């Protein structure tokens, strides 16, 4: 996730030395304004795309909620399934002698 930007409007960068009133200074200010406008337009477009994705997801969740609610209602009104009798669990039989064990012994020499 991207770090959250400040909620306050962005302020122009302040220089400690004031610029002289020249044509170049005016064009520099114009350049800054145009760049900030482009950046804000791109940010607005990204926010609109995000808003559209969120709205689509909300619609999907609403449809899923309706389907699940209908399924729950159907299960609530359906008769319960017949219960099966409980049977005792089967216990595997233990080998009667150690000779019948299926273990194989392996010897390692160091």
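Numbering (the working numbering), first residue to last: 1291 to 1400.
Heads up, the beta-carbon is just placed ideally off N, CA and C, and yes, glycines get one too.
These numbers come from a predicted model, not from an experiment.
Taking C-beta separations shorter than 8 Å and ignoring five residues to either side along the sequence, residue 1359 has no partners in its chain. When secondary structure is reduced to three states using DSSP, residue 1350 falls in the helix class. Residue 1313 and residue 1325 have their C-alpha atoms some 18 Å from each other. For the pair residue 1318 and residue 1309, the CB atoms are nearer than the 9 Å cut-off.
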